[in-house]
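Undergrad: Here you go, one structure.
In our numbering, the protein residues as written are 1 to 126.
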């Protein structure tokens, strides 16, 4: 098995332990969905580096609508979900470096965008 293959296997094992499931897989990467949410972490080889990014596999506002009764509960739940994705991103980035890959960690910027979307939603709805 190649270094990339071994790395992706390790990523899937660690992600599974944390409540993520494999949404999509190829020889160059994997998309890991968090529980039954549209939030996911994409891990892919690109030009000799590993790119780690947070992505949405659906409408993120679906999460927001589940907690419309309480702004505080909504904020807490979304932060908890984003923290899980960020934590896995940190772990994957560390693993990639351990396997000798350069890492392009885009997930932190993407998670900030999700947080901004949450604040925009709250301002619009409340």
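Note that beta-carbon positions come from the ideal geometry of N, C-alpha and C, so glycine has one too.
To the nearest angstrom, report how far apart residue 138 and residue 24 are at their CA atoms.
TA: With the chain represented from 1 up to 126, any question about residue 138 goes unanswered, as that position is not in the structure.
Undergrad: According to DSSP, which residues form a beta bridge with residue 45?
TA: 50
Undergrad: Just the C-alpha distance for residue 94 and residue 79, rounded to the nearest angstrom, thanks.
TA: Those two C-alpha atoms are separated by around 22 Å.
Undergrad: Please check the pair residue 42 and residue 53, which I expect to be a contact at CB under 8 Å, by giving their CB distance rounded to whole angstroms.
TA: 5 Å
Undergrad: Taking the straight line between their C-alpha atoms, what separation do you get for residue 119 and residue 113?
TA: 10 Å
Undergrad: Do residue 49 and residue 101 have their beta-carbon atoms positioned less than 8 Å apart in this structure?
TA: yes
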